[in-house]
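Enquirer:
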Amino acid sequence: MPPARIRATGSYVPRKRLTNLDLEKMVDTSDEWITTRTGIRERRIAGPAEACSDLALKASKRALKAGGVKAADLDLIIVATVTPDTFVPSAACVLQSKLGASRAAAFDVNAACSGFIYALSVADSFIRSGKCLNVLVVGSEVLSRVTNWQDRSTCVLFGDGAGAALLGPASDETFQSRIISVNIYADGNMGDLLMIPAGGSRRPASEDTLKNRLHCLQMSGNETFKIAVKTLESLVRNTLGAAGLTPSDISLFVPHQANLRIIRATAERLGIPIDKVAVNIDRLGNTSAASIPIALDEAVRSGRVKSGDYVLLEAFGGGLTWASALLRW
Ligand code: UT7
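Here our numbering is used: the first residue of the sequence shown is 1448, the next is one more, and so on.
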């Protein structure tokens, strides 16, 4: 069976911008603190009528158009998200209906910020096994709905957006353009570092959970930061080593956009020059599962990725989870 490849990408971010100056009026923070500690200057916020599947729909339509594939020809839709429209049905099923992708199976993947690469891994397996030809993988988040706007340690970080990738089998005999490897990992022992404590079966919604804002994201930022930097360097080295490559072979490095300091530290430790790194955290903040497909789509559309380039994706997030994907474009 041929390997899988990304045929096309698409993305969408809501129009409304929330700047650091806006946040200065909401909590005890400053543009200077947010910029120096995170690299974020502004983030996008979904409109009141926009939910996860609405953002996903716009990104998906762009990916399908760029790939020249009709929604009716999709075999599988996977949405990576921690902010689905509803728990049931899944965001992927809502998206399937909105797209009119009546032949496609559909389900969500929850691996927080690593979700897009986790979903890519599932799609890759379905294509390699010959079970599916056309697979749509979407990362879509409306984190503004699970943000505690009174908690300065988290509310300055997150934003909303969606990115999509259309996958299919590698098309020629050399299989040059393909997914070389996808690697996914987890350590549930550290799940408490980043969580939404209530709203699930452990702690259903109650007056108490609402009063204490337990339906919002909580993060031990500094601890997560240190583990992320340490983990990501070895993750990338192992991913490249397994393919017989070194960091200098990479033309485009697309890290999850959690913190500019994490991105810079990882790139520096690996010796990847910053001009080879896709960065949009300054404009979009941390969009969790959406950050990688949005950054990838921006790079593709601006002509930063050429045929034959090695592209490396990596992510680290809640779960804890971490993941990498090595692609030949
Ligand atoms: O995407 C999923 C994975 N997530 C990550 O990888 C995120 C990793 N973590 C981070 O990006 C960083 O840890 C943060 C940006 C969240 C925080 O930066 P930090 O350098 O780790 O700061 P800190 O949490 O150690 O806090 C330093 C100080 C504290 O004050 P004291 O105790 O030193 O007086 C905080 O209360 O900064 C204070 N602080 C703020 N001050 C102004 C925390 N948030 C803010 C704020 N504005 N928004």
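Ideal Cβ positions, reconstructed from N, Cα and C, are used throughout, including at glycine. All values reported here derive from a predicted model rather than from experimental measurement.
1) Heavy atom of the ligand UT7 less than 8 Å from the Cβ of R1488, yes or no?
2) Are the beta-carbon atoms belonging to R1491 and L1465 less than 9 Å from one another?
3) Pick out the complete alpha helix (DSSP H) segments inside the stretch 1631-1657, 4 residues or longer, and give them in chain order.
4) Give me, in chain order, the residues of the same chain whose beta-carbon lies closer than 6 Å to that of S1667; leave out the 5 immediate sequence neighbours on both sides.
5) Report whether the distance from the Cβ of I1643 to the nearest heavy atom of the ligand UT7 is below 8 Å.
6) For C1663 and E1745, what's the separation of their Cα atoms in angstroms?
7) In terms of DSSP beta bridges, what is R1509 paired with?
8) Tell me the residue span of the beta strand (DSSP E) that contains F1763.
9) Can you tell me whether V1589 is buried or exposed, with buried defined as 16 or more other CB within 10 angstroms of its CB?
10) Taking only the alpha-carbon atoms, compute the straight-line gap between I1719 and A1519 and give it to the nearest angstrom.
11) Looking at the structure shown, is G1732 part of a helix, part of a strand, or coil, going by DSSP?
12) Answer yes or no: the CB of W1480 versus the heavy atoms of the ligand UT7, is any distance below 8 Å?
13) I'd like the list of long-range same chain contacts for L1580, defined as Cβ closer than 7 Å, with 5 residues on each side in sequence excluded.
14) Roughly how many angstroms separate the alpha carbons of L1657 and W1596, rounded to a whole number?
15) Which residues share a DSSP beta bridge with I1453?
16) Check the C-beta distance from I1626 over to D1555 and give it rounded, since I have them as a contact under 8 Å.
17) For the ligand UT7, is there a heavy atom less than 8 Å away from the beta-carbon of A1559?
18) Rank V1535, N1636, L1542 by C-alpha distance to the C-alpha of G1647 and give the top, closest one.
19) Closest by CA to P1740, which one among F1672, S1561, K1472, E1489?
20) P1702: buried (16+ other C-beta within 10 angstroms of its C-beta) or exposed?
21) If distances are taken between C-alpha atoms only, which option among K1512, V1584, V1474 comes closest to P1500?
22) Between L1511 and K1723, what straight-line distance do the alpha-carbon atoms span, to the nearest angstrom?
23) In whole angstroms, what separates the C-alpha of A1770 from that of L1687?
24) Could you have a look at L1664 and say whether DSSP puts it in helix, strand or coil?
25) At 3 residues or longer, what runs of the beta strand (DSSP E) sit wholly inside the stretch 1541-1587?
26) Beta-carbon within less than 6 Å of S1568's beta-carbon, same chain only, minus the 5 sequence neighbours each way: which residues are those?
27) Run through the stretch 1687-1725 for me and flag every whole beta strand (DSSP E) of 3 or more residues, listed as ranges in chain order.
28) To which residues of the same chain is L1705 closer than 6 Å at the C-beta, ignoring the five residues directly before and after it?
29) So the beta strand (DSSP E) R1775 belongs to, where does it begin and stop?
30) Taking all protein chains shown into account, decide if Q1543 is buried (16 or more other Cβ within 10 angstroms of its Cβ) or exposed.
31) From K1472, D1475, N1467, G1494, pick the residue whose C-alpha is nearest to that of I1481; which is it?
32) For D1478 and V1593, I'd like the C-alpha separation in whole angstroms.
33) Mind checking G1755: buried by the 16 CB within 10 Å criterion, or exposed?
34) Any heavy atom of the ligand UT7 closer than 8 Å to the CB of I1631?
Expert: Considering the structure as presented:
1) The residue you call residue 1488 lines up with position 41 of the sequence shown. With a cutoff of 8 Å, R1488 does not count as near the ligand UT7, since its C-beta is closer than that to no heavy atom of the ligand.
2) Here residue 1491 is taken as the residue at index 44 of the sequence shown, counted from 1. Here residue 1465 is taken as the residue at index 18 of the sequence shown, counted from 1. Against a cut-off of 9 Å, the Cβ pair of L1465 and R1491 comes out as a contact.
3) Runs of the alpha helix (DSSP H) lying entirely within the stretch 1631-1657, each at least 4 residues long, are absent.
4) Counted from its first residue, the sequence shown places residue 1667 at position 220. Same-chain partners within the cutoff: L1640.
5) By 1-based counting over the sequence shown, the position of residue 1643 is 196. Result no, Cβ not under 8 Å from the ligand UT7.
6) Start at 1 with the first residue of the sequence shown, and residue 1663 comes out as number 216. Start at 1 with the first residue of the sequence shown, and residue 1745 comes out as number 298. Between C1663 and E1745, the C-alpha separation is close to 29 Å.
7) Taking the sequence shown and counting its residues from 1, the one referred to as residue 1509 is at position 62. DSSP lists no bridge partner for R1509.
8) As a first step, residue 1763 is located in the sequence shown; it is residue number 316 there, counting from the start. For F1763, the enclosing beta strand (DSSP E) begins and ends at 1757-1764.
9) Against the sequence shown, residue 1589 aligns to sequence position 142. That one is buried.
10) Position 272 of the sequence shown, counted from the first residue, corresponds to residue 1719. Position 72 of the sequence shown, counted from the first residue, corresponds to residue 1519. Cα to Cα, the separation comes out at about 41 Å.
11) Counting from one through the sequence shown, the residue named residue 1732 turns up at place 285. For G1732, the three-state secondary structure derived from DSSP is coil.
12) Counting from one through the sequence shown, the residue named residue 1480 turns up at place 33. Yes, the ligand UT7 has a heavy atom inside 8 Å of this Cβ.
13) Here residue 1580 corresponds to residue number 133 of the sequence shown, with the count starting at 1. Within the same chain, and ignoring the five residues on either side of L1580 in sequence, the residues whose Cβ sits closer than 7 Å to its Cβ are D1522, G1615, P1616.
14) Start at 1 with the first residue of the sequence shown, and residue 1657 comes out as number 210. Start at 1 with the first residue of the sequence shown, and residue 1596 comes out as number 149. Using only the alpha carbons, I get a separation of about 13 Å.
15) Within the sequence shown, numbered from 1, the residue matching residue 1453 stands at position 6. Paired residues: L1614.
16) Against the sequence shown, residue 1626 aligns to sequence position 179. Against the sequence shown, residue 1555 aligns to sequence position 108. Contact between I1626 and D1555 does not hold, since the beta-carbon distance rounds to 21 Å and is not under 8 Å.
17) Looking up residue 1559 in the sequence shown gives position 112. The ligand UT7 approaches A1559 closely enough that one of its heavy atoms is under 8 Å from the residue's Cβ.
18) For this step, residue 1647 is matched to residue 200 along the sequence shown. Cα-wise, what sits closest to G1647 is V1535.
19) Locating residue 1740 in the sequence shown gives position 293, counting from the first residue. Distances from the CA of P1740 to each of F1672, S1561, K1472, E1489 were compared; the closest alpha carbon is that of S1561.
20) In the sequence shown, counting from the first residue as 1, residue 1702 sits at position 255. P1702 is buried by the Cβ-count criterion.
21) Translated into the one-based positions of the sequence shown, residue 1500 becomes position 53. In the sequence as displayed, the identity of residue 1500 is Ser instead of Pro. If we check each option's Cα against that of S1500, V1584 comes out closest.
22) Mapped onto the sequence shown, residue 1511 falls at position 64. Mapped onto the sequence shown, residue 1723 falls at position 276. Per the coordinates, the alpha-carbon of L1511 lies some 27 Å from the alpha-carbon of K1723.
23) As a working mapping, residue 1770 is identified with position 323 in the sequence shown. As a working mapping, residue 1687 is identified with position 240 in the sequence shown. So the two alpha carbons sit approximately 13 Å from each other.
24) Numbered from its first residue, the sequence shown carries residue 1664 at position 217. Reduced to three states, the DSSP call for L1664 is coil.
25) You should have 1552-1556.
26) Indexing the sequence shown from 1 puts residue 1568 at position 121. V1629, I1631.
27) You should have 1697-1702.
28) The count along the sequence shown starts at 1 and reaches residue 1705 at position 258. The displayed chain sequence assigns Ala, not Leu, to residue 1705. If the five residues before and after A1705 are omitted, its C-beta is found closer than 6 Å to the C-beta atoms of N1733, all from its own chain and listed in chain order.
29) Reading the sequence shown from its first residue, position 328 is the one you call residue 1775. Residues 1768-1775.
30) Counted from its first residue, the sequence shown places residue 1543 at position 96. Buried, because 16 or more other Cβ atoms sit within 10 Å of the Cβ of Q1543.
31) Mapped onto the sequence shown, residue 1481 falls at position 34. Considering only alpha carbons, the answer is N1467.
32) Numbered from its first residue, the sequence shown carries residue 1478 at position 31. Numbered from its first residue, the sequence shown carries residue 1593 at position 146. Distance between the alpha carbons of D1478 and V1593: 22 Å.
33) Here residue 1755 corresponds to residue number 308 of the sequence shown, with the count starting at 1. So G1755 counts as exposed.
34) Here residue 1631 refers to the residue found at position 184 of the sequence shown. Answer for I1631: no, Cβ out of range of the ligand UT7.
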